[in-house]
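Number of protein chains: 2
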Amino acid sequence: MRSLDPRLLPFAPILYVAWADGELKPAEVRLLREHVLDAGLAAAIAGPWLDPDAPPSGEDLLALLSWIRDHAGGLEPGARRSLAELGLGLAERAGHPAGPAERAAVERLAAALDLHEAESVEAVLAAERPLADLPEVRPSFDVSAMAELLDGEQRAMRTRVRALLASGRFEPAIGLSTARYRERVLEWCRLLAGEGLGALSMPSACGGMDDPAGFVAAFETLAMFDLSLLVKFGVQFGLWGGSVQQLGTGKQHERWLEDIGTLALPGCFAMTETGHGSNVDDIETMAVYDPDTREFEIHTPLARARKDYIGNAARDGRMATVFAQLETRGERHGVHAFVVPIRDADGAPLDGVAIEDCGEKLGLNGVDNGRLAFDRVRIPRDHLLDRFASVTEDGEYRSSIASPGKRFFTMLGTLVGGRIAVGSAAVTASGVALAIAIRYGARRRQFGPPGSPERVLLDYPAHRRRLLPRLASTYAFGFAMHALQRRYVDREADPRRLEASAAGLKALATWHASGTIQECREACGGQGYLAENRFAALKADTDVFTTFEGDNTVLLQLVARDLLTGFRREFGDMGAWGLARFLVDRARVAVVERNPVATRRTDEEHLRDPGFQRDLLEARRDELLYSLARRVKARVDRGMDGFDALVECQDHALGAARAHALTEVFEAVHEAEGGVPGSSLAEVLERIRSLFALSTLERDRAWFLEHGYVDARKTKAIRGQVDALCAALRPDAVPLVDAFEIPAPCLAPIAL
Amino acid sequence: MRSLDPRLLPFAPILYVAWADGELKPAEVRLLREHVLDAGLAAAIAGPWLDPDAPPSGEDLLALLSWIRDHAGGLEPGARRSLAELGLGLAERAGHPAGPAERAAVERLAAALDLHEAESVEAVLAAERPLADLPEVRPSFDVSAMAELLDGEQRAMRTRVRALLASGRFEPAIGLSTARYRERVLEWCRLLAGEGLGALSMPSACGGMDDPAGFVAAFETLAMFDLSLLVKFGVQFGLWGGSVQQLGTGKQHERWLEDIGTLALPGCFAMTETGHGSNVDDIETMAVYDPDTREFEIHTPLARARKDYIGNAARDGRMATVFAQLETRGERHGVHAFVVPIRDADGAPLDGVAIEDCGEKLGLNGVDNGRLAFDRVRIPRDHLLDRFASVTEDGEYRSSIASPGKRFFTMLGTLVGGRIAVGSAAVTASGVALAIAIRYGARRRQFGPPGSPERVLLDYPAHRRRLLPRLASTYAFGFAMHALQRRYVDREADPRRLEASAAGLKALATWHASGTIQECREACGGQGYLAENRFAALKADTDVFTTFEGDNTVLLQLVARDLLTGFRREFGDMGAWGLARFLVDRARVAVVERNPVATRRTDEEHLRDPGFQRDLLEARRDELLYSLARRVKARVDRGMDGFDALVECQDHALGAARAHALTEVFEAVHEAEGGVPGSSLAEVLERIRSLFALSTLERDRAWFLEHGYVDARKTKAIRGQVDALCAALRPDAVPLVDAFEIPAPCLAPIAL
């Protein structure tokens, strides 16, 4: 073999891989000698292995490999992080620790050669048994401690709901007819009401528990089971009950809330109209006050104004909170909410109320969605939910909120709870899908080298790639939703900020759920297609999550508008653009220049630094927001209507909103990690946080490349780090889904 | 206003937008003056508008804008392509046509400023009415001519099937119980068999029509309707009938084919086993020859060897083609196909045959999937389908194909028809989803500027972005599948190439279908969630397309293996790597240097040049293939098993396969365009081809950025071109889906 000067040792693994992988061509070798290593070092140490005119032979390389392998045993795990670390470790063990100059040269060489680091280390050290099944190992962390962390303050409530779901009273409903399924869901709902779950958030004076936090936690946990039950539960107690509670006042609470909480009075939340899905401001149902009879007349003036897609309407609802344009004394006052009886005690529609069944849906067929049309239906004056506005007996309109716009948004603001609940449920459902797919993937075998047993799916890198980044994101979204729930329950001072966070996280979490459930279903192959394995229901039922409680695209525009408002507040409506540009530039410089080689730095320590990850995510948010603001302003300055200006910049608006929401998710997972320093959870949470952040950066790398935050070398290193994190999390994959503590009836035969 | 030298005119629109959008900062202006415009030009002409110390005022800019607008009326449409073209057009009309130096300067200025071209032109010319509803316009092309082109040689067959579907005998099945649904699907199947469609590809001697091309066309068209019917039809006639026809010989044909074609003999294709989804080579069902009785004994030795997911098995099948390991005289000869009776004339399972129902599935519940296990079931010797191998009475094994590996692949090769059929059906289903969503989007209104009527969805740029690139891809995949069908029917010389194409296109087309159907469902909001609007069924039924007839991931690895074989054939097994590198490099140079500014050229003519589009797609394929080959070889050279080497390079393998299949799709749509020069279809097909290619490049831009084929300026221009193409195709959107000629019962209430 060629000379193996001890001072060569730090370079050995890199040189081996570069030659063996065929990366090195003579011209490159010359460049390396001239520019990467200083001349003395190149000639004296690495020289014999970097001679463009005499590349090492196959025999040389094999000898070098043997030497590396023989001496690598017992090195610390850190030495496997990169070829440079491996070399430095080898040198140290051989009694020739590298000095600072050599260390720097090793790192420059590794960067210049652009090797696929993690994969290469694996290949160098373990080519003879690279992919055998992993041995069963114990989780790296305390699974119960993780479960407690995930459940947070509401652990007791969540445990109670899980115990209920495991009690044998909830069995999966598969293959039922729609009629029978609706009946079953109503029975389940009564069961939950009987346990007091329906009244959790209601005032104790009305039989409730004054516990909105518990209500949200219960709802979120119910999402482990049948989602028709979840939605029916949410419609009855959250939307119907919630609208009476939040838009009504004392007497109205006394009259209705107790019966709503026990399900003695099933009801609906009738906002959406056929012609107006997301555009609530323009609904056309009328509520005209008649001072002679002291009644409101609720009327559907045209077909497109019928209330559509209303849960609980087709079969069970007796009353409905109906949103309509209030008119009194010939004057309109905008959208208000009215309690309107729709069925008699026997379930027959009342006079003037036309009820239609929406029929079969893609999913959620246990929920009886229907359509309501009103033909001059009269209701007493005090059926106007009057927390924010009322009409006197003789028809005078009074409101504590002067501006109709503000009044409208205050009323809509009561929807924020629904969005938080749906986003949280989406995360729970993602966890169920992952628990099934990961447990199956840890057992199912398919293909393998000739003559060997077939290999466990989760030991294929591509299979891990499908599932583990999504597991990390599910953890991150889970922490983010819980942080949001706390802000909601604590009644954060600025409701607009809470609404914006709820809108953004709802959109991202529900899209995350759709993608994750689909990926899990495909990762289970044909088994995933059988109804008994739950993906059929999870997929179909969550599909509409992206559309209801606010269409995701519309919600992200709401987020963008809020960001623009904040931007304007900070930089003024017309001026100070220079300042804004300056701040964005400064942030960019900070990211790019925090370290002189930041756009190119590719080592693990850097990539897994939360500061680096946050900087990139925030820089994108800021740059997109600045760019959006500039574009909108340029258009408005040119005389374009504000609506059209935002429509023309929709791409930027959606991008900025998404980037903003992702920074919130990142902060949440990072905060969770920071809350358990030194515990057995810290290390695995660091991996989860890094995998969430780096797989997000990897997916969106085109943007970061286009805007000069990273270069191709760095995106490659990020990809390598994602691979390495997937491998590192592999032994913890099953324990991580075990920590969700999903009851058996909510799992699947292939997962048990 | 500042001086408006006529020689400034070519620059006017660019300068206006750069200042008005706030793009220009003094430092940049200096750079522009120094580096982009030569000094004389800058000072003499654009000088007053490019003075870093005295930027134009708002009034100056408004005056400039008015002048541009006043003079832009009546310019040719080409002038709207870019700000540079607009300026050049203005100058020409004003009697001061630009000379070559000015023209070059204009283009350099536009490139240096990095403006969003298409959007900017629109904003400059039409800021006062940027987004009004588009007027109804006539299609730019002859819709019937397009329908003929899409149908191709099989227009008669496709028209016949569409007429059948529109005949009133096929009504959508919504909300049926599984039992009733299966019954309905069998009735439909009988109806189709009665029309002679089942026997289309069979020999005329057996009551068939010797028309495999017609069979594939009929199958593909049936995918407009219920996909359970499609799959049941495919199982009975394509898989069960096809296996007897292609793996059996004359006497076997005579005995069974006629009854299969009329559905008098329903049967199954029993290949997959519980423990072996995609890995057919390792199936464990045994077929041991017993020379004493001259029978084979079919046996399921363990639970995981039961046949699983077998269509037609749970309810209707009387016989099955069973794939099993053939053993005779104590020796194994690999997987062979046997015809095994499973039910008697009354439908009861035969002795030794255990049949289980797979139960409810995510979709396709009109197909009776089941599981089959055999307990030493005996069948006559001549039930071995004997086209490729037979066993003599006394147990001697004979085969025309010596190598067991080759024999196995020859038998599997008969699956290629199934893959082509599924890929084609996926494209049809995508077309149905798009027809519904585009017709709905062209009518449904939502939101709008205050005081104006709400706006048609398809006039929102973001909505067009969701649907029109997918429409273009659906056209491209349609042409690709038809080209593939021709190669299949014409029995292409090299079956391996055909199989690789079929595998790649099946994978890409079925993923395309899943994504498209989901996007269409979301684009229809809550309406898309109602079963009557078809997305529920389309989504659930096509979901498994990505898994069955070969899991997509497994199929792409098959493509990669074929590509590697070709690569090795070309460059030798061990040597010639230098040559390969050379060729890849040369290709890269050709792309990057075909024009000195190719990585940066951003004009429309360049971006829509099929040569440019092809170059990029092919360069990626070649580079990924080279990189894959190098990586696999490096591992094998290090002593790694070939299986593990490919597993470790799975990412590259999937990438290379996908890149390869996309070049095939591109060639198909480009060929279709080339086939109609000068016709009314040529222009719209150019747009479709460009939108397919550019939206593909846009989606995958991270790779092209990372590998230096484009820079950020160019990806931005590609994005702008995709926007422009979506806008240009907007008036043709409905006519383009009309050309699919989908019968009304296959559409949805919201699409009629």
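Heads up: the protein sequence lines correspond to chains C and V, in order.
Residue 672 in the working numbering is what sits at position 672 of the first sequence, and the numbering runs on without skipping anything.
When you read off a place in the second sequence, starting at 1, and then add 752, the result is the number in the working numbering.
Just so it is clear, CB atoms sit at the ideal spot from N, CA and C, and this is done for glycine as well.
Every value quoted in this text rests on a predicted model; they were computed, and no experiment measured them.
Distance between V489 (chain C) and A1125 (chain V), taken at the CA atoms: about 57 Å. With the rule of 3 Cβ pairs closer than 8 Å, the segment 1178-1198 of chain V does not count as touching the segment 606-618 of chain C. Under the three-pair Cβ rule at 8 Å, the segment 353-372 of chain C counts as touching the segment 303-317 of chain C. Contact annotation for R1453 (chain V) against chain C: A702 [CB-CB distance below 7 Å, chain order].
Close to chain C, meaning a Cβ-Cβ distance shorter than 8 Å, is no residue of the segment 1417-1447 of chain V at all. Per the coordinates, the alpha-carbon of E532 (chain C) lies some 46 Å from the alpha-carbon of Q325 (chain C). V185 (chain C) sits in a helix when the DSSP states are folded into three classes. When 8 Å is used as the limit between beta carbons, S228 (chain C) is near no residue of chain V, the shortest such separation being about 13 Å. Per DSSP, reduced to three states, the secondary structure at M1233 (chain V) is helical.
In this structure, G95 (chain C) and P10 (chain C) do not form a Cβ contact; the two beta carbons are roughly 13 Å apart against a cut-off of 8 Å. Contact of A509 (chain C) with chain V is not assigned, every C-beta pair being separated by 8 Å or more. A distance below 6 Å between beta-carbons, with the five flanking residues on each side excluded, links P610 (chain C) to the following residues of its chain, in chain order: H670.
In the DSSP assignment, H333 (chain C) falls within the unbroken beta strand (DSSP E) covering 331-341.
For the segment 1054-1082 of chain V, residues whose beta-carbon sits nearer than 8 Å to a beta-carbon of chain C comprise D1060, Y1061.
In the structure shown, L1017 (chain V) falls within a coil segment according to DSSP collapsed to helix, strand and coil.
Under the three-state reduction of DSSP output, R445 (chain C) falls in the strand class.
Taking 8 Å as the CB threshold, D651 (chain C) lines the interface with chain V. Around the beta carbon of P469 (chain C), a 10 Å sphere encloses 16 or more other beta carbons of the protein chains shown; the residue is thus reported as buried. In the three-state reduction of the DSSP assignment, A850 (chain V) falls in the coil class, being assigned neither a helical nor a strand state. Residue pairing from DSSP places S390 (chain C) in a beta bridge opposite C:R398. DSSP lists V:I1050, V:L1078 as the beta-bridge partner residues of A1039 (chain V). When DSSP states are grouped into helix, strand and coil, T696 (chain C) belongs to the helix group. For a Cβ distance threshold of 9 Å, residue set V647, Q650 of chain C lies close to Y1212 (chain V), ordered along the chain. Taking 9 Å as the upper bound on Cβ-Cβ separation, chain V lies near residues A537, K539, A540, D543, V544, T546, T547, F548, D551, N552, T553, V554 of the segment 537-559 of chain C. Residue range 404-413 is occupied by the alpha helix (DSSP H) that includes R407 (chain C), with no beta strand (DSSP E) assigned at that position. Listed along chain V, the residues sitting closer than 9 Å to G359 (chain C) by beta-carbon distance are I926, G927, L1282, A1283, E1284. Of the residues V:L1102, V:V1040, V:R907, V:T1045, the one whose Cα lies closest to the Cα of F1075 (chain V) is V:V1040. Around the beta carbon of T1045 (chain V), fewer than 16 other beta carbons lie within 10 angstroms, which makes this residue exposed. With a 10 Å radius around the Cβ and a threshold of 16 neighbouring Cβ atoms, T392 (chain C) comes out exposed. Going by C-alpha positions, V1119 (chain V) is about 24 Å away from D1103 (chain V). With its beta carbon less than 8 Å from one in chain C, L1457 (chain V) belongs to the interface. With fewer than 16 other CB atoms across the displayed protein chains lying within 10 angstroms of its CB, S896 (chain V) is exposed. Approximately 6 Å separates the beta-carbon atoms of L1116 (chain V) and L979 (chain V); this is inside 8 Å, confirming the contact. For K232 (chain C), no pairing in a beta bridge is given by DSSP. If you check the CB distance, H299 (chain C) and M286 (chain C) come in under 8 Å.
Among the residues facing chain C, A1464 (chain V) is included, as its CB has a counterpart in that chain under 8 Å away.
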